[in-house]
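Residue numbers (my numbering): 1 to 266.
Note that the Cβ used here is the ideal one computed from N, Cα and C, for glycine as well.
Note that the structure is predicted; figures quoted are calculated from it, not measured.
This report refers to the structure that appears directly beneath it.
Quick look at the structure:
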């Protein structure tokens, strides 16, 4: 069997295991072995073998007193992460739409991807001259406002390789060509609670400002940003755009369960 054919067939044992988990989820309570086997439509001996593996993986746990099975800590974690990701994006989309209506500028939402910050959605304003943002665009760490925000609050081990690569390539603002310069900029972003491109954007004539959104762990989970035409777009700290941006980012953070101060990266 070739790789393509094998990929189409999938892994049967994994599908059976997922069937057991589905039966437990649908049961909506802890269950005995015979109940799980009946719900999954398989012999109890077979269900037991799968349950042993699922327990080892943390997806299932068994109460030693009652012998009942229930979802394990890893299954709970998967559910919480999935809920967090679903809610944050949905709520974020609402926020950038509200911001667009409020300040009549291009707004966008970005999350952290494998290669850096990624634009997941943007909203077009009602004005004759606008800046379009392409969904799926991966942003630079040092020449984008969003990249600077993520760099300011993500763990250093996560962002350091990307920052080092950009500095080595040389296409960065003059004051960010050294580690000391970068650290000073990130400290300023953490102090102000937002970042701008300060006239140095990868696309000439574009200016952007971004603010962090934190989750219930007080960790950055995404950014909201505003993009406009340089010279026609005020990104000073007390401007309408920045004031609106920070207010919406803070409200969304509270909605996602943030409490206390943001976690400072180490």
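>> Assuming residue 18 and residue 24 are in contact, meaning their beta carbons sit under 8 Å apart, how far apart are those beta carbons, in whole angstroms?
In response: Not a contact, Cβ separation roughly 11 Å.
>> According to DSSP, is residue 274 part of a helix, a strand, or is it coil?
In response: For residue 274 there is no data in the structure shown, the boundaries of the chain being 1 and 266.
> Taking the C-alpha atoms as reference points, what is the distance between residue 256 and residue 263?
Replying inline: 15 Å
> Counting only runs that start and end within the segment 72-133, where is the alpha helix (DSSP H) found for 4 or more residues in a row?
Replying inline: 73-103
> What's the gap between the Cα of residue 155 and the Cα of residue 46?
Replying inline: 44 Å
> Under three-state DSSP, which class holds residue 150?
Replying inline: helix
> Got a sec? Which residues, its chain only, sit under 6 Å from residue 125 by beta carbon, not counting five neighbours each side?
Replying inline: 100, 104, 105, 106
> Nearest-angstrom Cα distance between residue 11 and residue 20?
Replying inline: 15 Å
> On the premise that residue 237 lies in contact with residue 149, defined as a C-beta separation below 8 Å, what is that separation, rounded to the nearest angstrom?
Replying inline: With a Cβ gap of about 15 Å, residue 149 and residue 237 do not count as contacting.
>> Let's see if you can read the secondary structure: which residues bound the beta strand (DSSP E) around residue 178?
In response: Neither: residue 178 is in no beta strand (DSSP E) and is coded neither H nor E.
> Among 123, 68, 34, 265, which one has its Cα closest to the Cα of residue 267?
Replying inline: What is shown of the chain runs 1 to 266, which leaves residue 267 out entirely.
>> Whole angstroms are fine: how far does the CA of residue 43 sit from the CA of residue 217?
In response: 42 Å
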